[in-house]
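Trainee: I have a structure I would like to understand better, so I am pasting it below and will then ask my questions one at a time.
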Amino acid sequence: MDGSRELEKLAAGEALTKEEYLRLIKDRESVRDEAADLAVRTRQRYYGNKVFIRGLIEFTNICKNNCYYCGIRAGNTAAERYRLMPEEILSCAGKGYELGFRTFVLQGGEDPYYTDEILLSVVRSLKETYPDCALTLSVGERSRESYRLLKEAGADRYLLRHETVNAKHYAALHPADMHYGNRMACLKTLKELGYQTGAGFMVGSPGQTDEDLADEMLFLRELKPEMVGIGPFIPHKDTPFAKEQAGSAELTVFLLSLIRLTLPDVLLPATTALGTADPMGREKGILSGANVLMPNLSPAGVREKYLLYDNKICTGDEAAACIACLKARIAKTGCEIVTDRGDHARHI
Ligand code: 5AD
Ligand code: FES
Numbered sequence: 002m003d004g005s006r007e008l009e010k011l012a013a014g015e016a017l018t019k020e021e022y023l024r025l026i027k028d029r030e031s032v033r034d035e036a037a038d039l040a041v042r043t044r045q046r047y048y049g050n051k052v053f054i055r056g057l058i059e060f061t062n063i064c065k066n067n068c069y070y071c072g073i074r075a076g077n078t079a080a081e082r083y084r085l086m087p088e089e090i091l092s093c094a095g096k097g098y099e100l101g102f103r104t105f106v107l108q109g110g111e112d113p114y115y116t117d118e119i120l121l122s123v124v125r126s127l128k129e130t131y132p133d134c135a136l137t138l139s140v141g142e143r144s145r146e147s148y149r150l151l152k153e154a155g156a157d158r159y160l161l162r163h164e165t166v167n168a169k170h171y172a173a174l175h176p177a178d179m180h181y182g183n184r185m186a187c188l189k190t191l192k193e194l195g196y197q198t199g200a201g202f203m204v205g206s207p208g209q210t211d212e213d214l215a216d217e218m219l220f221l222r223e224l225k226p227e228m229v230g231i232g233p234f235i236p237h238k239d240t241p242f243a244k245e246q247a248g249s250a251e252l253t254v255f256l257l258s259l260i261r262l263t264l265p266d267v268l269l270p271a272t273t274a275l276g277t278a279d280p281m282g283r284e285k286g287i288l289s290g291a292n293v294l295m296p297n298l299s300p301a302g303v304r305e306k307y308l309l310y311d312n313k314i315c316t317g318d319e320a321a322a323c324i325a326c327l328k329a330r331i332a333k334t335g336c337e338i339v340t341d342r343g344d345h346a347r348h349i
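Just remember that our numbering sits 1 ahead of the position in the sequence shown, which is counted from 1.
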């Protein structure tokens, strides 16, 4: 069986059924090169050879949640905790600005210290100091009011992965106090409030099926997020999923192509998890339709503490070294790193 027909349909902008997506996913060995080719061509139509970089500031690894897969879950007493203070976040952004970054992503655990009041003042200071920069938040589930105030204070974008589209699967990845319905409602709220919104899921998390992955594609087509973050699940030694099998980089890369073809103008990162699962993962991601990289700007001293999974790459490198490394890697893919805000095509 060959999924070429489905691929051509998808590349022509036609909607696939769940069965067609499923056939592609099951038949990925034979169609992945063609999928990558079509995905790169599609990306080029919207963004040329540009790969956008976002400066990631992992500002707290304190988290009240206990997701079974995550290394900074509250229950992991072996994790060494840290929290950057607002002025440290600002200075981190300042260093990033000098390195050319024009998008900052503030990412952290759900840390109760970062109340609306404190987070709002960080957002305001960042936007006042760097009015030419885009600001992305990735701080988990908050109230509609909180999301609204943060938007009003100047946040432009929000990343909140739904992790899995399947409610039963969600319940197998999270403890009972975390709710699929709430996660999905948050995504909807973020879109309604006018954020450029990023959804996403882990690839190969325990219990995930090919059917689930086909449903992920249908869900993304319906939600139309401006950004989609996916990466392979990688076990962390101090979590309940320590002994589970890792997700595959190959499947992740193939899904990047399907996402590019499904949402042609989406902003699609080749993630650090992908670069961890395969030393050439990020390059392969770019060569399969991804167009965003998110190098780390966090201070060297805290980097090795933001460990969501084992063997995370780039934890020992200074931001400047990381950029130089990325530039060299990306040049080899025929793409070029650009530092502008790289808004979603719909928002330019
Ligand atoms: N492996 C891969 N990705 C993970 N994340 C959390 N833990 C892991 C893991 N063990 C991802 C989740 C989360 C994002 C910040 O990191 O998808 O949304
Ligand atoms: Fe970080 Fe290569 S990208 S060192």
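Note that the Cβ used here is the ideal one computed from N, Cα and C, for glycine as well. The structure presented is a predicted model; accordingly, all values stated were derived computationally and were not measured.
Under 5 Å from any heavy atom of the ligand FES, by CB: list those residues in chain order, please.
Mentor: C315, D318, C323, C326 and L327
Trainee: So, using beta-carbon positions, are G110 and I58 closer together than 8 Å?
Mentor: no
Trainee: Just verifying my parser: in three-state terms, what is the DSSP assignment at M203?
Mentor: strand
Trainee: Going by the C-beta, is I58 closer than 7 Å to any heavy atom of the ligand 5AD?
Mentor: no
Trainee: Could you check what DSSP says for I73 in three-state terms: helix, strand or coil?
Mentor: In the three-state reduction of the DSSP assignment, I73 falls in the coil class.
Trainee: If you run the structure through DSSP and keep just helix, strand and coil, what is K96?
Mentor: Helix at K96.
Trainee: Considering only C-alpha positions, which residue in the set G208, E118 and G201 is nearest to L219?
Mentor: G201
Trainee: Taking C-beta to C-beta, are K10 and A215 nearer than 8 Å?
Mentor: For the 8 Å CB-CB criterion, K10 and A215 do not form a contact.
Trainee: DSSP on Y131, reduced to helix/strand/coil?
Mentor: coil
Trainee: Is the segment 324 to 336 close to the segment 74 to 93, with three or more CB pairs under 8 Å?
Mentor: Not touching, per the Cβ criterion.
Trainee: Could you tell me the boundaries of the beta strand (DSSP E) in which I54 lies?
Mentor: K51 to I54
Trainee: Taking C-beta to C-beta, are R24 and R261 nearer than 8 Å?
Mentor: No, these two residues do not count as a Cβ contact at 8 Å.
Trainee: Quick one: is the Cβ of M281 within less than 7 Å of any heavy atom of the ligand 5AD?
Mentor: no
Trainee: Examine the Cβ distances between the segment 93 to 108 and the segment 338 to 349 and report whether three or more of them are shorter than 8 Å.
Mentor: yes
Trainee: Expressed to the nearest angstrom, what Euclidean distance is found between the alpha-carbon atoms of A351 and R6?
Mentor: There is simply no residue 351 to check, as the chain begins at 2 and stops at 349 in what is shown.
Trainee: Does the segment 25 to 35 come into contact with the segment 130 to 139, if we say contact requires no fewer than three beta-carbon pairs (one atom in each stretch) closer than 8 Å?
Mentor: no
Trainee: Does the segment 272 to 286 come close enough to the segment 223 to 232 that 3 or more CB-CB pairs lie under 8 Å?
Mentor: yes
Trainee: Helix, strand or coil, according to DSSP, for M228 in the structure here?
Mentor: strand
Trainee: A37: which of S289, G335, Y22 and C71 sits nearest, CA to CA?
Mentor: Comparing alpha carbon positions, the residue from S289, G335, Y22 and C71 closest to A37 is S289.
Trainee: Between N67 and R82, which are expected to be in contact by the criterion C-beta below 8 Å, what is the C-beta distance as a whole number of angstroms?
Mentor: Rounded, the Cβ-Cβ distance is 15 Å, inconsistent with contact.
Trainee: Report whether the distance from the Cβ of I260 to the nearest heavy atom of the ligand 5AD is below 7 Å.
Mentor: no
Trainee: Can you name the start and end residues of the alpha helix (DSSP H) that G286 belongs to?
Mentor: G282 to I287
Trainee: Cβ atoms of E319 and A291: under 8 Å apart, would you say?
Mentor: Going by C-beta atoms, A291 is not nearer than 8 Å to E319.
Trainee: Can we say the segment 301 to 311 touches the segment 152 to 164, given the rule of at least three CB pairs closer than 8 Å?
Mentor: no
Trainee: Kindly indicate which three-state DSSP category G248 falls into: helix, strand or coil?
Mentor: coil
Trainee: Can you find a heavy atom of the ligand 5AD that lies under 7 Å from the Cβ of L269?
Mentor: No; taking the cut-off as 7 Å, the Cβ of L269 has no heavy atom of the ligand 5AD nearer than that.
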